Each structure stands twice: as structure tokens, then as C-alpha cells.
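Okay, so the sequence shown: first residue is 636 according to the working numbering, each after it adds one.
C-beta atoms are modelled at their ideal positions from N, C-alpha and C, and glycine is treated no differently.
Model, not experiment: these values are computed from the prediction.
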Amino acid sequence: MRRLEPMTTTFTIGGDLEVRRLGFGAMRITGDGIWGLPEDPEAARVLLRRVVELGVNLIDTADSYGPEVSENLIAEALHPYPDGLVIATKGGLRRTGPGAWPRDARPERLKECCEGSLRRLRLERIDLYQLHAPDPAVPLEDSLGAMKELQDEGKIRHIGVSNVSLDELERARSVVDVVTVQNRYSLVDRHSEDVLDACEGAGIGFVPWFPLAMGDLAEPGGPLSEVARARDATSGQVALAWLLAHSPVMLPIPGTSSIEHLEENVAAGELRLSDDELRQIGSAGSGKSAA
Ligand SMILES: NC(=O)c1ccc[n+]([C@@H]2O[C@H](COP(=O)([O-])OP(=O)(O)OC[C@H]3O[C@@H](n4cnc5c(N)ncnc54)[C@H](OP(=O)(O)O)[C@@H]3O)[C@@H](O)[C@H]2O)c1
Numbered sequence: 636m637r638r639l640e641p642m643t644t645t646f647t648i649g650g651d652l653e654v655r656r657l658g659f660g661a662m663r664i665t666g667d668g669i670w671g672l673p674e675d676p677e678a679a680r681v682l683l684r685r686v687v688e689l690g691v692n693l694i695d696t697a698d699s700y701g702p703e704v705s706e707n708l709i710a711e712a713l714h715p716y717p718d719g720l721v722i723a724t725k726g727g728l729r730r731t732g733p734g735a736w737p738r739d740a741r742p743e744r745l746k747e748c749c750e751g752s753l754r755r756l757r758l759e760r761i762d763l764y765q766l767h768a769p770d771p772a773v774p775l776e777d778s779l780g781a782m783k784e785l786q787d788e789g790k791i792r793h794i795g796v797s798n799v800s801l802d803e804l805e806r807a808r809s810v811v812d813v814v815t816v817q818n819r820y821s822l823v824d825r826h827s828e829d830v831l832d833a834c835e836g837a838g839i840g841f842v843p844w845f846p847l848a849m850g851d852l853a854e855p856g857g858p859l860s861e862v863a864r865a866r867d868a869t870s871g872q873v874a875l876a877w878l879l880a881h882s883p884v885m886l887p888i889p890g891t892s893s894i895e896h897l898e899e900n901v902a903a904g905e906l907r908l909s910d911d912e913l914r915q916i917g918s919a920g921s922g923k924s925a926a
């Protein structure tokens with residue numbers, strides 16, 4: 636069983652970007668199917684300002700969210716950015732319609748993606764640029780090589796990868812200094828436990844996407860409700876607190892379009908579960924895991 640470290644509230648990405656460990660995922664501020672504008676763009680901008688007011692300083696986005704919509708809204712709501720705000724974006728996918736995400740991580744395409752993100756986010760340099768997913772049609776080393784060139788040109792500060800296996804992570808690390816990995820992971824989806832272990836060993840930030848299992852873990856009445864009730868918390872908060880306790884390199888980025896849910900999720904950063912509670916939750920989660 637994983638040794639539980641004392642909880643720290645911050646993590647330093649790449650040795651120089653200190654962030655609060657509970658971040659915000661900005662995928663849910665677009666239209667249905669992560670396509671087009673949200674119903675109320677001003678409400679999305681208000682939500683983004685609230686993210687920062689609450690002290691969150693890691694916002695995850697991608698050129699493909701909308702496409703372009705999430706990055707545009709972030710710039711409209713928050714530029715000029717407060718000191719210390721880390722915007723992590725990604726490139727390497729195309730959008731061909733609602734819910735469709737074909738991969739395209741050719742070097743020339745990644746460079747085009749990065750230029751677009753720099754323009755939309757109104758940045759001279761992106762703090763954390765992530766390869767959204769390896770493209771089976773392109774050697775991973777070529778995709779990472781393009782990102783290294785972008786880094787050498789000063790257009791990106793740090794490089795992250797997403798949706799990688801352990802083998803792909805090792806290959807990526809042979810080309811560039813990988814500072815974060817973003818994979819699907821939650822209490823009920825631990826397929827990436829081996830990748831998380833590798834990240835922990837190397838001090839690489841691990842950013843779990845779908846940390847609330849798309850909201851399922853926030854539903855009342857699930858496997859977390861007993862602990863939630865005892866701690867006067869919600870099931871979603873217990874799921875996030877479990878992630879934070881599970882590994883010191885864990886940087887969850889729950890996504891929401893609701894201020895109420897945002898405030899609830901951020902407050903989960905304060906919830907310290909006891910060892911007994913963590914064990915109880917861990918076994919409930921692994922019982923349900925599809926792994
Ligand atoms: N790298 C990748 O390939 C990849 C893929 C997917 C996502 N991501 C990133 O990961 C982030 C997180 O993933 P996600 O947003 O899809 O999934 P998630 O955080 O697991 O769940 C989001 C869903 O849960 C609901 N929710 C959030 N907080 C809640 C709360 N306190 N109570 C009840 N329901 C709640 C949201 O609905 P409401 O809007 O109603 O709150 C939304 O439907 C994304 O925003 C994105 O930045 C990355």
C-alpha cells in the first residue's frame with residue numbers, strides 16, 4: 636500500500652512554479668460536447684474570476700476546448716494575469732465536431748497549436764505546455780522534439796505530457812524534461828497507478844483528469860457518503876481529499892461550470908482525512924474500480 640505523506644497544500648512544478656495542489660479544469664466552460672460557446676459566456680468569465688479569488692493558481696485548458704473557446708474566455712476574464720497564476724494548456728488534437736477529438740501531433744501541427752495558444756492567451760511564454768496525447772501516426776520522439784524546439788525558442792517554459800503509458804512516459808523523458816503527466820485517474824479509475832508511482836519517484840506532478848469521474852463521485856449516496864456525512868462534507872469533497880492524500884505529487888483539476896460546485900471543490904483542499912477514513916475510502920474505491 637502507498638505510504639501516505641503528510642499533506643502539503645502546494646507543489647512546485649518543474650522546480651520553479653509553485654501552485655496550490657487543487658487546481659481548476661477549464662474544459663467545462665464551453666458548449667455541449669466541449670464545442671462552441673457556453674450558453675452564458677459572461678457567467679463563464681465570472682466563474683474564472685472566482686477561481687482566482689479563491690486562491691487557485693493552476694488552471695488547465697487546451698486549444699481544443701471549444702476549440703479555442705476556453706483559452707479565449709480565460710484571457711478575456713483574467714488578462715493581465717495575476718502574479719503566480721499558472722495556465723497550463725495543451726496541443727496535439729484536432730476538433731472535427733462535438734465530442735470528436737482526432738489526434739494530430741505532427742511537429743508542424745504542434746508548433747501551429749502553440750502559436751495559436753500564445754496568441755489567444757496573450758502570452759509571450761506558456762508556463763506549462765502539454766502534449767495532449769501521443770499520436771500513433773507520429774513517433775513520440777518527433778512530437779516531443781518539436782516541443783523541445785518551442786522551449787528552446789522561449790515560447791514555452793515547461794513541458795508536460797498527457798494520456799501516456801509508463802513506457803511512453805519513459806520515452807518522453809529521454810527527449811525532454813517532463814514536469815507533469817495528465818492522465819485519467821480517480822478513486823474509481825486507477826489504471827494509471829504505475830504512471831503515478833513513476834511520477835512520485837521522479838518528483839513529476841501528476842494531474843488526474845476526470846478526478847470526480849465526470850461527477851459520479853460527487854453524487855450523494857455513493858461509496859463515499861458515509862465518510863462525507865461523518866465529516867460534514869460532500870462526497871465530491873471526500874473524493875478530492877482522497878486524491879490529495881493519496882500522493883504528494885497529485886494535482887487534481889476538477890472541472891465545473893457552477894460557482895457553487897467550484898467553491899465546494901476548492902474547500903476540499905482543507906479536508907484532512909484520517910488514516911482510517913483513507914483506508915475505508917480506498918477499499919470502497921478499489922472495489923468499484925474497473926481496473
Ligand atoms: N488531458 C485530457 O485528455 C483531458 C481529458 C478530459 C479532461 N481534462 C481536464 O481535466 C479537467 C477535469 O475533468 P472533467 O471536468 O471532465 O471531469 P470531473 O472534474 O471529474 O467532473 C466534471 C463534472 O462533474 C461535475 N461537478 C464538478 N464539481 C462538482 C460538484 N462539486 N458537485 C457535483 N458535480 C460536480 C461537473 O458538472 P457541473 O458543471 O454541473 O459542476 C462536470 O459535469 C477538465 O476540465 C480538463 O481541464 C483533460
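heavy atom of ligand 1 below 7 Å from residue i C-beta
i: PHE845; result: yes
i: HIS767; result: yes
i: GLY727; result: no
i: THR896; result: The identity of residue 896 in the sequence shown is His, whereas the question assumes Thr. Answer for HIS896: yes, Cβ within range of ligand 1.
i: MET782; result: no
i: PRO889; result: yes
i: ALA735; result: no
i: SER827; result: no
i: GLY871; result: yes
Whole-number beta carbon distance between residue j and residue i, since they are thought to touch under 8 Å
i: ARG680; j: ALA710; result: The pair is not a contact, with the Cβ atoms about 10 Å apart (cut-off 8 Å).
i: ALA868; j: LEU897; result: That pair is no contact at about 16 Å.
i: ILE916; j: LEU801; result: Contact doesn't hold; Cβ gap of about 25 Å is too wide.
i: VAL796; j: ALA807; result: 5 Å
i: LEU908; j: ALA876; result: 5 Å
Cutoff 6 Å; reference residue i; Cβ partners in own chain excluding five residues on either side
i: ARG819; result: TRP844 and PHE845
i: PRO769; result: LEU775 and GLU803
i: GLU653; result: THR645 and THR647
Residue i and residue j closer than 8 Å at C-beta
i: MET662; j: GLY840; result: no
i: ASP812; j: ILE794; result: yes
i: SER870; j: GLU854; result: yes
i: VAL830; j: VAL810; result: no
i: GLY886; j: VAL842; result: Looking at the sequence shown, residue 886 is not Gly but Leu. Cβ distance < 8 Å, so LEU886 and VAL842 count as in contact.
i: VAL873; j: VAL691; result: no
Same chain, Cβ closer than 7 Å to residue i, five either side skipped, listed in chain order
i: TRP736; result: SER699, LEU728 and ARG730
i: ALA926; result: With a pLDDT of 27 at ALA926, under the threshold of 50, the predicted position of this residue should be treated as unreliable, though the coordinate-derived value follows. Taken in chain order, the residues that qualify are ARG825 and HIS826.
Simplified DSSP state of residue i, which is helix, strand or coil
i: ARG864; result: helix
i: ALA919; result: helix
i: TRP736; result: coil
i: ASN692; result: coil
i: ASP824; result: strand
i: ASN900; result: helix
i: GLU895; result: helix
Nonlocal neighbours in the same chain, by C-beta distance under 8 Å from residue i, ignoring five residues either side
i: ASP851; result: VAL823 and GLY857
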